[in-house]
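Quick notes on the structure that follows.
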Amino acid sequence: MMEHNLIDEYHFMVHPVVLGKGKRLFTEQDQRDLKLVGVKTTSTGVAILSY
3 MMEHNLIDEY HFMVHPVVLG KGKRLFTEQD QRDLKLVGVK TTSTGVAILS Y
């Protein structure tokens, strides 16, 4: 869907955890210029980012 530009919005939930390594969410070919349009923080510290 990404390669055909069919996604209008992304919502990411960022948890307050520190890791030394992790999996990449996007590959080099999937890189996009995203505009942050909203941020909400839950009572547990999770940040919900809307692009």
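Per the working numbering, residue 3 is the first one in the sequence shown, and the count goes up by one each step.
Yeah, the Cβ is synthetic: ideal placement off N, Cα and C, and Gly gets one too.
All values reported here derive from a predicted model rather than from experimental measurement.
Does the separation of the CB atoms of residue i and residue j fall below 9 Å?
{"i": "M15", "j": "V39", "result": "no"}
{"i": "S45", "j": "H13", "result": "no"}
Smallest Cα separation from residue i: which of the options?
{"i": "N7", "options": "P18, R34, S52 and L21", "result": "R34"}
{"i": "E5", "options": "K37, E30 and G24", "result": "E30"}
From residue i to residue j, what does the alpha carbon distance come to, in whole angstroms?
{"i": "D10", "j": "F28", "result": "16 Å"}
{"i": "V20", "j": "R26", "result": "15 Å"}
{"i": "K42", "j": "I50", "result": "5 Å"}
{"i": "G22", "j": "L36", "result": "25 Å"}
Helix, strand or coil, according to DSSP, for residue i in the structure here?
{"i": "M3", "result": "coil"}
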